[in-house]
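Residue numbers (full-length UniProt numbering): 1 to 146.
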Amino acid sequence: MTIINVTTAPVVLPALPDAPPEPLPAPAAEPAAAPAPITMPAALADRLPPRLRAGRLLALSAEDHYLRVHTDLGDDLVLMRMADAAVLLADVPGARVHRSWWVARAAATGSRRDGDRLFLTLETGLSAPVSRAESARLTAAGWLQA
1 MTIINVTTAP
11 VVLPALPDAP
21 PEPLPAPAAE
31 PAAAPAPITM
41 PAALADRLPP
51 RLRAGRLLAL
61 SAEDHYLRVH
71 TDLGDDLVLM
81 RMADAAVLLA
91 DVPGARVHRS
101 WWVARAAATG
111 SRRDGDRLFL
121 TLETGLSAPV
131 SRAESARLTA
141 AGWLQA
């Protein structure tokens, strides 16, 4: 195709290709989002010291008549039975992995075996034991490597 510009010499434009233009590159992957907050039931949060109430709930472990509440901001003991806490946590994604442990699903980052014992590894590096009775259910749910 030839275009004549009246003020200058003719300009020759290249022919357009018959193929469609190449697609734009995919946008760069967005950075990983922060872990979803694990909402702590008010009845449990109210028993914690103020410094821990805003933390993400990671796990509960039983110690005699107390529960140790593990958050990403630290841990503390509260006077509560595991059975009562399990009722409060019925709507929170997590599981009772041992008779003395409840773990939030978002807090579990892996698992390991020590002899014939299984443990869940939490994001803080804490290890929670997994009972033999719960291991098959947790493996089927994807918590443990088969």
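By construction, the Cβ of each residue, glycine as well, lies at the ideal position given by its N, Cα and C atoms. Computed from a prediction, not measured in an experiment: that's the story for all the values here.
| query | What do you reckon, are the CB atoms on Pro120 and Val103 nearer than 7 Å? | reply | Checking the displayed sequence, the identity of residue 120 turns out to be Leu instead of Pro. Yes. Within cutoff.
| message | Tell me the rounded alpha-carbon separation between Glu123 and Met40. | response | Going by the C-alpha atoms only, they are around 17 Å apart.
| Over what stretch of residues does the alpha helix (DSSP H) that includes Glu123 continue unbroken? | No alpha helix (DSSP H) holds Glu123; DSSP gives it neither H nor E.
| said: Check this for me: beta carbons of Asp51 and Ser61, under 7 Å apart or not? | reply: In the sequence under discussion, the amino acid at residue 51 is Arg, which differs from the Asp named in the question. No. Outside cutoff.
| request: Locate the alpha helix (DSSP H) running through Thr139, then write down its first and last residues. | output: 132-140
| said: According to DSSP, simplified to helix, strand and coil, what is Pro129? | reply: Strand.
| Out of curiosity, what's the CA-to-CA distance linking Ala108 and Asp84? | Our two residues, Ala108 and Asp84, have alpha carbons roughly 22 Å apart in a direct line.
| field | Residues near Arg112 in its chain [Cβ-Cβ closer than 8 Å; skip 5 each side] | value | A distance below 8 Å between beta-carbons, with the five flanking residues on each side excluded, links Arg112 to the following residues of its chain, in chain order: Leu118, Phe119, Thr121, Ser127.
| For Ala32, which residues from the same chain have a beta carbon less than 6 Å from its beta carbon, with the 5 sequence-adjacent residues on both sides left out? | Here the model assigns Ala32 a pLDDT of 48, short of 50, so the residue's position is not dependable, and the following value carries that caveat. Contacts found: none.
| Those runs of the beta strand (DSSP E) which lie wholly inside the region 43-95 and span at least 3 residues | Fully enclosed beta strand (DSSP E) runs of no fewer than 3 residues occupy 57-63, 66-71, 74-79 of the region 43-95, in order along the chain.
| query | Is the beta carbon of Leu73 sitting closer than 7 Å to the one on Gly55? | reply | yes
| field | Alpha-carbon to alpha-carbon, Thr71 and Arg96 | value | 16 Å
| message | Using only CA atoms, which one of Glu63, Leu77, His65, Asp64 lies nearest to Ala45? | response | Leu77
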